[in-house]
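If you're matching positions, the sequence shown starts at 29 in this note's numbering and goes up one per residue.
Backbone N, C-alpha and C fix where the C-beta goes; we use that ideal spot for every residue, glycine too.
Here's the structure, in structure tokens; my notes come after.
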Amino acid sequence: MLAARTCMIDEVRLRMAEEGIDALVLRPSPDFRYLGGQGDGYLVLPLRGPLETAAGPLEAAALIPPSARRVGVDPEMRAWELFSLRVKAELVLASVALAPLRLLRGPAEVAATERAASAADAVLLMARELAWFGTTERAMARRLWAMMVETGCEEVLSVLVAAGEHSAVPRHVPCDRVINPGDALLVSVCGRWGNHCSEVARVFAVAEPPEDFEAMYSVVLSAQRAALDSLRPGVTAAEAGRAAQEVIEGSGYGHYAAERLGRGVGLGQDERPWLASGDTTVLAPGMTVCVEPAIYLPELFGARVADVAVCTPAGAERLSGSSQALHVLDH
29 MLAARTCMID EVRLRMAEEG IDALVLRPSP DFRYLGGQGD GYLVLPLRGP LETAAGPLEA
89 AALIPPSARR VGVDPEMRAW ELFSLRVKAE LVLASVALAP LRLLRGPAEV AATERAASAA
149 DAVLLMAREL AWFGTTERAM ARRLWAMMVE TGCEEVLSVL VAAGEHSAVP RHVPCDRVIN
209 PGDALLVSVC GRWGNHCSEV ARVFAVAEPP EDFEAMYSVV LSAQRAALDS LRPGVTAAEA
269 GRAAQEVIEG SGYGHYAAER LGRGVGLGQD ERPWLASGDT TVLAPGMTVC VEPAIYLPEL
329 FGARVADVAV CTPAGAERLS GSSQALHVLD H
């Protein structure tokens with residue numbers, strides 16, 4: 029483990045040298061965890077010298093070599109933290125050096141991501157047995173949150189319950205809307221295991237699906253399969269996203285498709301690569317992606333299915349394995 033950690037630090041320093049960065053200063057964040065940070069505080073990695081910890085930004089500033097001319101700071105660092113560093117060096121984002129390295133996961137990281145996906149899968153499977161009729165989105169979201177905690181996940185990052193017309197709102201926040209028969213129901217859970225994130229989203233129907241909903245949902249599933257089939261080494265992220273987009277556009281729902289059809293997951297829940305136009309990242313074995321095509325019909329209903337997959341030499345391997353068939357809740 030120590031040898032692997034030393035090798036990883038050496039790779040980071042090579043990237044720092046290539047970018048002309050003399051030191052990194054990281055606060056609790058995915059980059060912080062990538063370098064082994066735990067809990068609160070700060071990490072300071074000079075181009076030469078040991079990796080050190082600090083309790084606050086002033087202490088971190090004291091660990092930056094006085095000769096440093098370019099310092100990489102954490103993308104999540106707040107303005108007051110930046111001012112507290114009080115360095116005369118040029119400040120750049122630490123992700124310039126770290127993002128390319130974080131794209132690829134080793135076997136242990138993929139295993140942690142799979143465990144997070146399995147926990148989310150298990151919660152959504154148990155959710156089928158819950159009593160949904162007459163409860164509210166907020167109440168069911170709290171119930172699912174507690175169930176995620178019970179799986180032992182390190183941190184629950186998000187829980188979405190969106191009923192009826194709310195399922196067509198991409199960033200809906202669960203509210204006191206009552207769940208009724210005939211509603212489409214979009215449910216997703218995201219948690220962290222071993223510092224790695226996974227999200228799984230499934231679609232249910234309450235008592236019976238709304239009219240035309242099943243046909244639309246079948247398009248979403250076909251779009252995800254197209255993206256997964258394209259998720260292989262040598263293909264760009266944009267090309268994998270385009271494969272899903274073409275399925276949706278061919279069905280006539282193109283105007284209502286989500287702009288982004290997938291994104292990278294790992295130490296963070298929302299990172300590169302993006303399955304969207306313009307992302308020229310070339311997929312490679314070890315990249316983990318949440319493939320999440322969606323169609324949203326305003327004021328009616330929406331459908332989004334999300335699964336985490338890892339790119340392997342043979343293609344995509346889905347890490348969340350629960351059934352994607354439309355499940356009708358009967359209680």
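Taking DSSP's pairing of strands, which residues face residue 74 in a bridge? 51
Of the residues 296, 303 and 52, the one placed nearest residue 125, counting alpha carbons only: 52
Are the stretch 109-117 and the stretch 299-316 in contact at 8 Å, needing three or more beta carbon pairs? no
Residue 71 beta carbon less than 8 Å from that of residue 79: yes
Determine, using beta carbons only, whether residue 272 and residue 243 come nearer to each other than 8 Å. no
In three-state terms, what does DSSP make of residue 324? strand
Proximity below 8 Å, CB of residue 225 to CB of residue 155: no
Can you say whether residue 321 is buried or exposed, counting buried as having 16 or more other CB atoms within 10 angstroms of its CB? buried
Between the alpha carbons of residue 29 and residue 340, how many angstroms are there, rounded? Its pLDDT being 34, under 50, residue 29 is placed unreliably by the model, and the measurement read from it follows with that caveat. Residue 29 and residue 340: Cα-Cα distance of roughly 24 Å.
Count the other C-beta atoms from every protein chain shown that fall within 10 angstroms of the C-beta of residue 64, then say buried if there are 16 or more, exposed otherwise. exposed
Residue 331 to residue 282, Cα distance in whole Å? 14 Å
Assuming contact is defined by CB atoms lying nearer than 8 Å, are residue 293 and residue 179 in contact in what I supplied? no
Cβ pair residue 93, residue 121 closer than 8 Å: no
Pop quiz: residue 138 and residue 117 are said to be a contact at Cβ under 8 Å. What is the actual Cβ separation, rounded to whole angstroms? With 8 Å as the limit, residue 138 and residue 117 do not qualify as a contact, their Cβ atoms being about 36 Å apart.
What is the DSSP secondary structure of residue 243, reduced to helix, strand or coil? helix
How should residue 181 be labelled, buried or exposed, when 16 other C-beta atoms within 10 angstroms of its C-beta is the threshold for buried? buried
Quick one: Cα of residue 68 to Cα of residue 55, how far? 8 Å
Cβ atoms of residue 334 and residue 344: under 8 Å apart, would you say? no
Could you give the distance in angstroms between the alpha-carbon of residue 130 and the alpha-carbon of residue 227? 18 Å
I need the straight-line Cα distance from residue 174 to residue 219, nearest angstrom please. 12 Å
Roughly how many whole angstroms lie between the Cα atoms of residue 348 and residue 149? 6 Å
Quick check: what's the CA-CA separation for residue 264 versus residue 308? 5 Å
Alpha helix (DSSP H) containing residue 349: first to last residue? No alpha helix (DSSP H) contains residue 349, which DSSP labels as neither H nor E.
So what does DSSP say about residue 250, is it helix, strand or coil? helix
For residue 221 and residue 231, what's the separation of their Cα atoms in angstroms? 24 Å
Among 258, 277 and 274, the one whose alpha carbon lies nearest that of residue 268: 258
Please identify the residue among 152, 45 and 41 whose C-alpha is closest to the C-alpha of residue 351. 152
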